[in-house]
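Student:
Numbering (the numbering used here), first residue to last: 27 to 97.
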């Protein structure tokens, strides 16, 4: 960790601030194709909401399809 902080100190203060700010964010792990990525919590929430919306749309489509087959 000390080595990384030394490297950080070589950067301009503006970049140091941006990096430290990014490190303070809450990140969550997501696995895609057996690879793990850390993404901001907000992005993970967005993905979860999109999955729920797609699930709702699929359920509506299936309900409509079943209704048409019965008629």
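We treat Cβ as the ideally placed atom computed from N, Cα and C, and that holds for glycine.
1. On the three-state DSSP scale, how would you describe residue 94?
2. For residue 88 and residue 56, I'd like the C-alpha separation in whole angstroms.
3. Starting from residue 64, trace the beta strand (DSSP E) in both directions and tell me its first and last residue.
4. Suppose the cutoff is 8 angstroms on Cβ atoms and the five residues either side in sequence are ignored; what does the same chain contact list for residue 51 look like?
5. Tell me the DSSP bridge mates of residue 88?
Tutor: This is what the structure gives:
1. Annotated three-state conformation of residue 94 is helix, per DSSP.
2. Here the alpha carbon of residue 88 sits roughly 29 angstroms from the alpha carbon of residue 56.
3. For residue 64, the enclosing beta strand (DSSP E) begins and ends at 61 to 66.
4. If the five residues before and after residue 51 are omitted, its C-beta is found closer than 8 angstroms to the C-beta atoms of 66 and 67, all from its own chain and listed in chain order.
5. According to DSSP, which records beta bridges pairwise, residue 88 is partnered with nothing at all.
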